[in-house]
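Protein chains in written order, with this note's numbering: chain A, 1 to 456; chain B, 457 to 701. Backbone N, C-alpha and C define an ideal beta-carbon position, used for all residues, glycine too. Please read all numbers here as calculations on a predicted model, not as lab measurements. Inspection log for the structure reproduced underneath, given as structure tokens.
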Amino acid sequence: MSTFFLQKEITGWGRFPRARCHLYRPERVREVAQTLQGEEPAGFLPRGLGRAYGDAGLNSEGGVILMERLDRFLAFDAETGVLRCEGGTSLADIIRTFLPRGWFLPVTPGTKFCTVGACVACDVHGKNHHHEGSIGNFVRQLLLLLPSGESVRCSREQNVDLFFATLGGMGLTGIVLEVELQLRRVQSAYIVVDYVRTRNLDETLQTFHERDARYPYSVAWLDCVASGRDFGKGVLMFGRHASPDELPIPHRHSPFTVRAKRTKTLPFDLPEFVLNPLSLRAFNSMYYRAHPTRDGVVTDYDTYFYPLDSILQWNRAYGKRGFVQWQCVLPYENGVRNLARILETAQARRTYPFLSVLKRMGEPSGGLLSFPMPGYTLALDFPVRDGLFAVLDALDSIVSEAGGRLYLAKDARMSAETFHLTYPQLSRWQAVKAQVDPKGRLQSDMARRLRLLEVL
Amino acid sequence: MRHVLLVGATSPLARYMAYEFARLGDTLFLAGRDLEEVERVASDLRIRFGATVYTGRFDAAAIEEHEAFVQNVLRTMGEIEGVVWVAGTMDGLEAAFRQPSALKRLIEVNFTGAASLLTLVAGVLEERGKGFIAGVSSVAGDRGRGQNYPYGSAKGGFSLFLQGLRNRLSRKGVQVTTIKPGFVDTRMTWGRGKLPFLASPQRVARESVQAILKGKDIAYVPAVWWLIMLIIRSIPERVFKKMNL
Numbered sequence: 001m002s003t004f005f006l007q008k009e010i011t012g013w014g015r016f017p018r019a020r021c022h023l024y025r026p027e028r029v030r031e032v033a034q035t036l037q038g039e040e041p042a043g044f045l046p047r048g049l050g051r052a053y054g055d056a057g058l059n060s061e062g063g064v065i066l067m068e069r070l071d072r073f074l075a076f077d078a079e080t081g082v083l084r085c086e087g088g089t090s091l092a093d094i095i096r097t098f099l100p101r102g103w104f105l106p107v108t109p110g111t112k113f114c115t116v117g118a119c120v121a122c123d124v125h126g127k128n129h130h131h132e133g134s135i136g137n138f139v140r141q142l143l144l145l146l147p148s149g150e151s152v153r154c155s156r157e158q159n160v161d162l163f164f165a166t167l168g169g170m171g172l173t174g175i176v177l178e179v180e181l182q183l184r185r186v187q188s189a190y191i192v193v194d195y196v197r198t199r200n201l202d203e204t205l206q207t208f209h210e211r212d213a214r215y216p217y218s219v220a221w222l223d224c225v226a227s228g229r230d231f232g233k234g235v236l237m238f239g240r241h242a243s244p245d246e247l248p249i250p251h252r253h254s255p256f257t258v259r260a261k262r263t264k265t266l267p268f269d270l271p272e273f274v275l276n277p278l279s280l281r282a283f284n285s286m287y288y289r290a291h292p293t294r295d296g297v298v299t300d301y302d303t304y305f306y307p308l309d310s311i312l313q314w315n316r317a318y319g320k321r322g323f324v325q326w327q328c329v330l331p332y333e334n335g336v337r338n339l340a341r342i343l344e345t346a347q348a349r350r351t352y353p354f355l356s357v358l359k360r361m362g363e364p365s366g367g368l369l370s371f372p373m374p375g376y377t378l379a380l381d382f383p384v385r386d387g388l389f390a391v392l393d394a395l396d397s398i399v400s401e402a403g404g405r406l407y408l409a410k411d412a413r414m415s416a417e418t419f420h421l422t423y424p425q426l427s428r429w430q431a432v433k434a435q436v437d438p439k440g441r442l443q444s445d446m447a448r449r450l451r452l453l454e455v456l
Numbered sequence: 457m458r459h460v461l462l463v464g465a466t467s468p469l470a471r472y473m474a475y476e477f478a479r480l481g482d483t484l485f486l487a488g489r490d491l492e493e494v495e496r497v498a499s500d501l502r503i504r505f506g507a508t509v510y511t512g513r514f515d516a517a518a519i520e521e522h523e524a525f526v527q528n529v530l531r532t533m534g535e536i537e538g539v540v541w542v543a544g545t546m547d548g549l550e551a552a553f554r555q556p557s558a559l560k561r562l563i564e565v566n567f568t569g570a571a572s573l574l575t576l577v578a579g580v581l582e583e584r585g586k587g588f589i590a591g592v593s594s595v596a597g598d599r600g601r602g603q604n605y606p607y608g609s610a611k612g613g614f615s616l617f618l619q620g621l622r623n624r625l626s627r628k629g630v631q632v633t634t635i636k637p638g639f640v641d642t643r644m645t646w647g648r649g650k651l652p653f654l655a656s657p658q659r660v661a662r663e664s665v666q667a668i669l670k671g672k673d674i675a676y677v678p679a680v681w682w683l684i685m686l687i688i689r690s691i692p693e694r695v696f697k698k699m700n701l
């Protein structure tokens, strides 16, 4: 059987960098294995819906296997909430199907337009990481297609090394054909949100510490333009699932119904001058003023978890050159000081992020290349401009000195040295990789950039 | 609630057509050559819609097995009130221009197998005096083109077969619908260059099932293909033969 591919220049969600790849799009399980046996000197990489920001989903001049057509539900236990589905299933599809039956994702990243297989490959986290950890904690079993063509099941009991190498393994240990996921029972499709507006960094962090234990979900938006006395001010958003009797009366009899939101599409690239220090300052103070301290705001799950999903292609706002999201985690020890150093360093170089988000992380899942560790995680969005990467390199060294690391799902530019220094379980991962993929058939631009298979 | 047999159930078009029937509460029998894939589509339908779905292996090219297959469907599902033929293949098209064995395979799956099975189901429905038969043919069957006539001629034959069947069964209470999709965004079109009016399988499935339920005779999906094919059919042969299509 002949397999056709589409030659195309693609990018991650940040639209930087760009890569010409050979796109394959299998529609049957058998076709995935057939594709993987094909001729591609630069190897193959599975890809979900392209929501990783940098080069994690790119494989220049090589094969990229789009998994989106393999998205069927295979088994669901309505008693226990255990779902088995194909790796290409999107989170949006899972929510659409199971939320009306009282089940929600146990952990969700900031977009629902991604596949469950990719969520496993990035071991994604959400606003509940401080309590529940990453999605890996809820993955009961995986069916993995190895480059040899063999399909193997792996879990915490079976092929354990392969399981933990695949969690956060960026799709390089095998193709996730099936995921068995434990869903979470909820009483409604709504979230009760308490907003706390803070005046500076100390207050922001202190509020986190005081309140985090009481709420399953928490996240803080920081005003990154503010300096001096206001430095580190922001808005914290604490959330929990609402019970039906907390909903406004019209919703009480149908607690799982959410009115479909109108989506908007940003149809073109905004010119680069739109995002400048002045417009950033205006946006930040507007957002700050719009969110006073307020308790018990009932909002639907879509608005709370996926505020940006309602603007399709919002990534075009950063202009033609794209943007990078720089996300680090910093251990609690000296965490406050290191956070301040990062924000100050960026400000001193007049490099302002458009969006900055802070949250606390809890225990890691055990994935060998997983990002989370106990500490603060800070995500900053920067439009790509001349001189940006030199500033980010300076931020990287603060992170690696502090014993933290950067999130691979977001990264587009850290050095191989930084990576090797900050992912101490790399050699264990490499041992598994060498076992299941001795010829290095599964490749990516990120793997080559970070020299993932080498010893530095 | 109807009992519908869907043949060639593993393609995206068939899967999403099954969604449309399952959403209406219909009971389905899904058949295809790759039973493992058929089972995946079936569990998906059961989980999403709570539908009753049966499955069975079916090989379009193995005509001698078709009678037993129809008997099995009748035994399993109790009855057949409608059949949708979605099976089709373009695999081996390149070889079929030179090798009779590849050409034979294309004709067997796209025409002979289809005609064979629908002949048998037509007998069942004719006896019942009601029901529907829908065949997914192709706009490729509307005019022979140099680039795909091994496939197009089989589909053209299938369109004529459905037309004749419709003519014979129209007085017997059985509706026959010919569905002619244009370019559908599936593996048949993937990586074959930029194609005009490329439609998602979801959309083509939705419009196809609507056409069946409305009792249409011939449905181009999306409808714009009716106009496109009208123009293409009207080009005089002495001009058409010089065009590279």
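Which bits of chain B does residue i rub up against, with CB to CB less than 9 Å?
i	result
T97(A)	I503 and R504
R199(A)	Correct list: empty, because the minimum Cβ distance to chain B is about 49 Å.
Within the 8 Å Cβ cut-off, does residue i reach chain A?
i	result
V577(B)	no
D515(B)	no
W681(B)	no
Whose Cβ in chain A lies nearer than 7 Å to the Cβ of residue i?
i	result
W646(B)	F4, L6 and R25
Using a Cβ-Cβ cut-off of 8 Å, state whether residue i counts as contacting chain B.
i	result
V176(A)	no
A75(A)	yes
R185(A)	no
If we count the other Cβ atoms within 10 Å of its Cβ and call it buried at 16 or more, is residue i buried or exposed?
i	result
F653(B)	exposed
M286(A)	exposed
T204(A)	buried
P383(A)	buried
I503(B)	buried
T80(A)	exposed
P348(A)	Rather than Pro, the amino acid found at residue 348(A) in this sequence is Ala. It is exposed - the Cβ of A348(A) has fewer than 16 other Cβ atoms within 10 Å.
G50(A)	buried
G133(A)	buried
M546(B)	buried
Identify the contact partners of residue i in chain B, using a Cβ-Cβ distance below 8 Å as the criterion.
i	result
V29(A)	E492, E493 and R496
R448(A)	Within 8 Å Cβ-Cβ: nothing; R448(A) doesn't reach chain B, min ~25 Å.
Which same chain residues end up closer than 8 Å to residue i when comparing Cβ atoms and leaving out the 5 residues on each side of it in sequence?
i	result
L456(A)	A416, E417 and H420
W314(A)	L266 and L308
R153(A)	Q141, L142, L143, L144 and N159
A340(A)	L201, F231 and G232
For residue i, I'd like the list of residues in its chain whose CB is within less than 7 Å of its CB, leaving aside the five on either flank, ordered along the chain.
i	result
G14(A)	Y53, G54, N315, G322, F323, V324, Q325 and A412
N137(A)	S365
V509(B)	L484, L486, A498, L501 and R502
K586(B)	G629 and V630
L392(A)	W326 and R413
T466(B)	G488, D490, E493, V494 and V497
In chain B, which residues lie with their C-beta within 7 Å of the C-beta of residue i?
i	result
R20(A)	Ordered by position in chain B, no residue passes the 7 Å Cβ test against R20(A), which lies about 14 Å from the chain.
Does residue i come out as helix, strand or coil in the three-state DSSP assignment?
i	result
K415(B)	No answer is possible for residue 415(B): it lies beyond the span of chain B, which begins at 457 and ends at 701.
T568(B)	helix
F5(A)	coil
R504(B)	helix
F73(A)	strand
G512(B)	strand
V258(A)	coil
V476(A)	Within the shown structure, residues of chain A are numbered from 1 to 456, placing residue 476(A) beyond reach of any answer.
A447(A)	helix
Who are the neighbours of residue i on chain A, taking C-beta pairs under 9 Å?
i	result
P468(B)	E27 and R69
Looking only at its chain, what residues have a beta carbon closer than 6 Å to the beta carbon of residue i, apart from the 5 residues adjacent to it on each side?
i	result
M414(A)	D396 and L406
R240(A)	V192, Y215 and P216
W429(A)	A165, L368 and L369
L280(A)	V225 and Y352
Using a C-beta to C-beta distance shorter than 8 Å, which residues of chain A count as neighbours of residue i?
i	result
T642(B)	E27
D500(B)	R72, F73 and L74
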